[in-house]
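>
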DNA sequence: TTTTAGCACTCAACAATCATGACTGCTAAC
DNA sequence: GTTAGCAGTCATGATTGTTGAGTGCTAAAA
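Protein chains in written order, with the numbering used here: chain V, 187 to 533; chain Z, 187 to 533.
1. Would you verify that the beta carbon of residue 419/Z is, or is not, closer than 8 Å to some beta carbon of chain V?
2. Which one or two residues does DSSP pair with residue 256/Z in a beta bridge?
3. What is the rounded straight-line gap between the Cα of residue 416/Z and the Cα of residue 282/Z?
4. Determine the direct distance from the alpha carbon of residue 284/V to that of residue 276/V, and round the result to whole angstroms.
5. Taking the continuous beta strand (DSSP E) assigned at residue 325/Z, which residues delimit it?
6. Can you check which of these residues, 457/V, 287/V and 212/V, is closest to residue 256/V by C-alpha distance?
7. DSSP beta-bridge partners for residue 339/Z?
8. Starting from residue 211/Z, follow the beta strand (DSSP E) in both directions and report where the run begins and ends.
9. When the Cα atoms are used, what is the spatial distance from residue 497/V to residue 267/V?
10. Since residue 311/Z sits in a beta bridge, which residues does DSSP pair it with?
11. Taking CB distances under 8 Å as the criterion, tell me whether residue 134/V reaches chain Z.
12. Alpha carbons only, please: which of 493/V, 517/V, 520/V and 501/V is nearest the one belonging to residue 318/V?
13. Use the C-beta contact count for residue 462/V: other C-beta atoms within 10 angstroms, 16 or more gives buried, fewer gives exposed.
14. Applying the criterion that 16 or more other CB atoms from any shown protein chain within 10 Å of the CB defines a buried residue, is residue 346/V buried or exposed?
15. Counting only beta-carbon atoms, is residue 443/V nearer than 8 Å to chain Z?
16. Can you tell me whether residue 273/Z is buried or exposed, with buried defined as 16 or more other CB within 10 angstroms of its CB?
17. Should residue 361/Z go down as buried or exposed, given a rule of 16 or more other Cβ atoms within 10 Å for buried?
18. Kindly indicate the opening and closing residues of the beta strand (DSSP E) around residue 224/V.
19. Taking 8 Å as the CB-CB cut-off, is residue 193/V touching chain Z?
20. Between the alpha carbons of residue 297/V and residue 263/V, how many angstroms are there, rounded?
21. Can you tell me which of the three DSSP states residue 463/Z falls into?
22. Against chain Z, with Cβ distances strictly below 8 Å, would residue 402/V count as a contact?
23. Would you tell me roughly how many angstroms separate the C-alpha atoms of residue 516/V and residue 511/Z, rounded to the nearest one?
24. Contact defined as beta carbons within less than 8 Å: I believe residue 324/V pairs with residue 313/V. What is the distance between those atoms, to the nearest angstrom?
25. Using CA atoms only, rank isn't needed, just tell me which of 367/V, 229/V and 451/V is closest to residue 482/V.
26. Measuring CA to CA, which of 522/Z, 249/Z and 217/Z is closest to residue 234/Z?
27. What is the DSSP secondary structure of residue 275/Z, reduced to helix, strand or coil?
28. Tell me the residue span of the beta strand (DSSP E) that contains residue 420/Z.
29. With DSSP as the reference, label residue 491/V as helix, strand or coil.
30. Going by CA-CA distance only, name the one from 365/V, 379/V, 465/V and 303/V that's closest to residue 269/V.
31. Taking the C-alpha atoms as reference points, what is the distance between residue 309/Z and residue 328/V?
32. For a contact defined as C-beta to C-beta under 8 Å, what are the partners of residue 330/V on chain Z?
33. Which residue from 261/Z, 204/Z, 280/Z and 300/Z puts its Cα closest to that of residue 253/Z?
34. Between the beta-carbon of residue 502/Z and the beta-carbon of residue 304/Z, is there less than 8 Å?
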């Protein structure tokens with residue numbers, strides 16, 4: 187990328203434009219910059235600098251006698267270089283701690299709470315995408331009898347995510363059946379990923395014997411999880427999106443329909459598996475949403491990657507705050523899980 | 187209610203106004219009615235009838251030289267008297283059958299699919315509110331060991347709804363513990379509703395012995411389910427709401443925030459426990475949403491009431507279609523469940 | 001008594017015009 | 001390199017006029 191060097195003053199001005207635009211959503215003028223950020227130079231000087239920055243592609247003028255707004259290029263530079271981590275306020279920290287330090291049962295609940303907290307504090311719509319279930323290892327499979335012909339399959343993965351579903355089988359289910367089935371299932375599934383299991387379909391065929399039907403059912407379940415990315419996406423605070431002005435009905439409709447089809451979001455966010463923090467801005471990044479930015483971070487619980495959590499909002503979102511919140515939440519999550527069954531005794 | 191008698195012609199005109207307004211969302215004029223519904227009388231005659239209907243409170247004139255739009259009173263009369271059940275098209279019936287006749291595992295999946303189908307075919311946002319868990323009876327509670335100090339609690343209710351959560355206990359969990367715990371739990375919980383259980387807290391105290399901690403955890407889970415109405419509400423097709431014009435950004439925001447806080451919806455819909463079909467229109471019905479109508483029907487699966495399913499949309503929604511769809515889906519659900527594990531063999 | 005035609009009246013919606021003021025770009029002086 | 005000053009641009013908002021859809025009323029016809 188052509189990250190040319192800017193003079194210190196140009197950088198300061200550019201940062202000022204982005205900051206102001208994030209606050210107001212209005213094109214920012216030379217006069218405004220002078221008043222709020224400079225005492226020593228005149229607006230005319232700033233104008234000439236702005237003009238230069240526009241030539242370089244950092245700024246855009248909606249029309250000739252309007253102020254400037256930042257381009258995507260400016261946002262990127264802003265995030266790379268200018269953004270200062272704003273420390274969270276005490277109130278915010280407490281809010282996060284309070285939400286996240288309760289007693290949880292299962293990853294799902296943690297994830298939901300996390301989504302809520304992020305949306306709450308950033309005031310943007312939050313998104314959490316759990317890791318593709320194809321990639322997680324199955325730690326254990328349990329079969330629990332419900333009645334004569336139906337049972338509950340519980341799938342425990344190495345990142346602690348639990349999925350379950352009921353299935354029906356023709357065989358009569360009794361304790362012996364359950365015991366044998368459990369033993370058989372774990373021999374096959376334990377320590378493997380779904381994609382692995384799907385690939386050696388034929389091999390196990392003979393060992394299965396009576397459990398063929400059961401095995402098929404479970405494979406079907408895994409398959410449906412693998413295909414259904416929908417369940418891996420949690421969205422909170424959808425209504426917050428519209429609170430950030432500058433959107434019209436069309437944008438709202440567009441946004442809602444993206445939110446509705448969670449699969450697409452999962453794909454967008456799953457792409458960058460490796461990066462710690464990722465910022466996607468606007469359409470050109472295949473975000474599917476115009477005038478939108480998505481900021482996500484990789485999250486771990488209990489030392490295991492569980493997925494990405496982040497925020498979707500307008501391009502001019504308050505990146506500093508979002509990044510601060512995401513990273514603090516990330517840290518808190520790590521701490522919680524490491525402490526294990528942490529503060530049960532406090533209650 | 188003051189359901190005064192209207193002349194046959196007045197009724198026909200009123201119905202015409204509602205029908206046209208449902209189609210166009212535009213105030214409908216005397217001329218329009220004459221052209222599309224009457225050959226034998228002039229627009230002037232219709233005008234005087236319209237004027238009379240307005241005096242009676244059925245119609246509203248947005249401004250003096252505009253057509254009329256129906257009032258809530260008109261919608262109610264329309265639903266009570268004029269609405270004809272439109273038979274669904276073959277394509278629609280097939281779509282419903284196809285979605286609902288697959289093999290399901292668990293009520294949750296059925297409910298989700300139902301919500302999708304309703305939203306799909308009516309083109310409105312669909313809502314399903316499951317029965318308040320306080321009122322359902324617990325059929326069985328199962329404890330499954332996950333590792334040394336954590337277990338999965340599975341709660342099976344009489345309507346087949348399954349909830350589960352992991353819990354942690356200090357005691358070491360082994361097969362004996364699980365067996366005894368299961369026995370104990372079922373002695374306490376079986377056949378009772380959550381509210382019953384909560385009320386005789388003190389009595390069981392002595393029988394519990396070693397399982398006090400476990401019992402408390404489970405009570406906590408039940409409590410959180412009971413309070414958390416959120417899990418009982420399923421919403422599909424939120425984006426469809428905005429496709430029905432006549433809404434502005436404020437309405438959209440309002441709608442989204444209601445959708446976000448599912449508890450409120452649950453309350454609104456849970457109110458009318460007894461009625462088969464319920465239509466709520468506009469604010470005055472404490473719907474919390476302006477210019478909105480909610481149509482819901484009581485649903486059964488397997489002979490047991492499971493909750494209410496319905497649709498939320500603009501006041502001028504296509505009630506005929508919605509009611510037809512809801513009732514057909516209702517019938518289909520009943521049939522499915524009665525057939526039991528129905529078409530597994532077809533595959 | 002009911003229906004109809006005709007006409008005057010009202011009013012939202014649209015377009016055209018105009019004044020305002022927020023900015024900029026340019027130039028010439030500092 | 002910086003600044004002040006000024007002309008030029010253009011969105012915004014207010015004002016006005018025009019249009020046409022649609023009504024209410026009245027008087028005549030059925």
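Note that beta-carbon positions come from the ideal geometry of N, C-alpha and C, so glycine has one too.
Note that the structure is a prediction, hence the values are computed from the model and not measured.
Checking against the coordinates, here is how it stands:
1. Along the second chain, one-based indexing puts residue 419/Z at 233. Output row for residue 419/Z: interface = no.
2. What you label residue 256/Z is simply residue 70 of the second chain in a count that begins at 1. DSSP lists 245/Z as partners of residue 256/Z.
3. Stepping through the second chain from its first residue, residue 416/Z is reached at position 230. Stepping through the second chain from its first residue, residue 282/Z is reached at position 96. Rounded to whole angstroms, residue 416/Z to residue 282/Z spans 27 Å at the Cα level.
4. The sequence position of residue 276/V within the first chain is 90, counting from 1. The sequence position of residue 284/V within the first chain is 98, counting from 1. Residue 276/V and residue 284/V: Cα-Cα distance of roughly 12 Å.
5. Residue mapping note: residue 325/Z aligns to position 139 of the second chain, counting from 1. Counting along the chain, the beta strand (DSSP E) containing residue 325/Z begins and ends at 324-333.
6. Taking the first chain and counting its residues from 1, the one referred to as residue 256/V is at position 70. Minimum Cα-Cα distance from residue 256/V among the listed residues 457/V, 287/V and 212/V corresponds to 212/V.
7. In the second chain, counting from the first residue as 1, residue 339/Z sits at position 153. DSSP, once it has assigned bridges, lists 329/Z and 351/Z as partnering residue 339/Z.
8. As a first step, residue 211/Z is located in the second chain; it is residue number 25 there, counting from the start. Segment: none, residue 211/Z is in no beta strand (DSSP E) and carries neither H nor E.
9. Here residue 497/V refers to the residue found at position 311 of the first chain. Here residue 267/V refers to the residue found at position 81 of the first chain. Cα atoms of residue 497/V and residue 267/V: separation of roughly 20 Å, rounded to the nearest angstrom.
10. Position 125 of the second chain, counting from 1, holds the residue named residue 311/Z. DSSP lists 498/Z as partners of residue 311/Z.
11. Only positions 187 to 533 of chain V appear in this structure, which leaves residue 134/V out of reach.
12. By 1-based counting over the first chain, the position of residue 318/V is 132. Among 493/V, 517/V, 520/V and 501/V, the Cα nearest to that of residue 318/V is on 493/V.
13. Taking the first chain and counting its residues from 1, the one referred to as residue 462/V is at position 276. Flag for residue 462/V reads exposed.
14. Taking the first chain and counting its residues from 1, one reaches residue 346/V at position 160. Buried: at least 16 other Cβ atoms inside 10 Å.
15. Within the first chain, numbered from 1, the residue matching residue 443/V stands at position 257. By this cut-off, residue 443/V is an interface position.
16. As a working mapping, residue 273/Z is identified with position 87 in the second chain. Counting C-beta atoms within 10 angstroms of its own C-beta, residue 273/Z has fewer than 16 neighbours from the protein chains shown and is therefore classed as exposed.
17. Within the second chain, residue 361/Z is the residue found at index 175, counting from 1. That one is exposed.
18. In the first chain, the residue the question calls residue 224/V occupies position 38. No beta strand (DSSP E) contains residue 224/V, which DSSP labels as neither H nor E.
19. Working through the first chain from its first residue, we reach residue 193/V at position 7. By this cut-off, residue 193/V is not an interface position.
20. By 1-based counting over the first chain, the position of residue 297/V is 111. By 1-based counting over the first chain, the position of residue 263/V is 77. Taking the straight line from one Cα to the other gives about 31 Å.
21. Residue numbering aside, residue 463/Z sits at position 277 when the second chain is read from its first letter. Here residue 463/Z carries a strand assignment [DSSP, helix/strand/coil].
22. Counting from one through the first chain, the residue named residue 402/V turns up at place 216. Taking Cβ atoms only, chain Z never reaches closer than 8 Å to residue 402/V, which makes this a no.
23. One-based indexing of the first chain puts residue 516/V at position 330. One-based indexing of the second chain puts residue 511/Z at position 325. Rounded to whole angstroms, residue 516/V to residue 511/Z spans 46 Å at the Cα level.
24. Residue numbering aside, residue 324/V sits at position 138 when the first chain is read from its first letter. Residue numbering aside, residue 313/V sits at position 127 when the first chain is read from its first letter. Contact between residue 324/V and residue 313/V fails: their C-beta atoms lie close to 26 Å from each other, not under 8 Å.
25. For this step, residue 482/V is matched to residue 296 along the first chain. If we check each option's Cα against that of residue 482/V, 451/V comes out closest.
26. Against the second chain, residue 234/Z aligns to sequence position 48. Minimum Cα distance to residue 234/Z is reached at 217/Z.
27. By 1-based counting over the second chain, the position of residue 275/Z is 89. In the structure shown, the three-state DSSP call for residue 275/Z is coil.
28. Translated into the one-based positions of the second chain, residue 420/Z becomes position 234. Following the DSSP letters along the chain, one finds residue 420/Z inside the beta strand (DSSP E) bounded by residues 419-422.
29. Position 305 of the first chain, counted from the start, is the residue given in the question as residue 491/V. DSSP places residue 491/V within a strand segment (E or B) once states are collapsed to three.
30. Counting from one through the first chain, the residue named residue 269/V turns up at place 83. The candidate whose alpha carbon is nearest that of residue 269/V is 465/V.
31. As a first step, residue 309/Z must be located in the second chain, where it is residue number 123. As a first step, residue 328/V must be located in the first chain, where it is residue number 142. Approximately 40 Å between the Cα atoms of the pair.
32. Numbered from its first residue, the first chain carries residue 330/V at position 144. Contacts between residue 330/V and chain Z, judged by CB atoms closer than 8 Å, involve 328, 330 and 340 in chain order.
33. The residue given as residue 253/Z occupies position 67 in the second chain. Minimum Cα-Cα distance from residue 253/Z among the listed residues 261/Z, 204/Z, 280/Z and 300/Z corresponds to 204/Z.
34. Working through the second chain from its first residue, we reach residue 502/Z at position 316. Working through the second chain from its first residue, we reach residue 304/Z at position 118. No, the pair does not count as a contact, with Cβ atoms beyond the cut-off.
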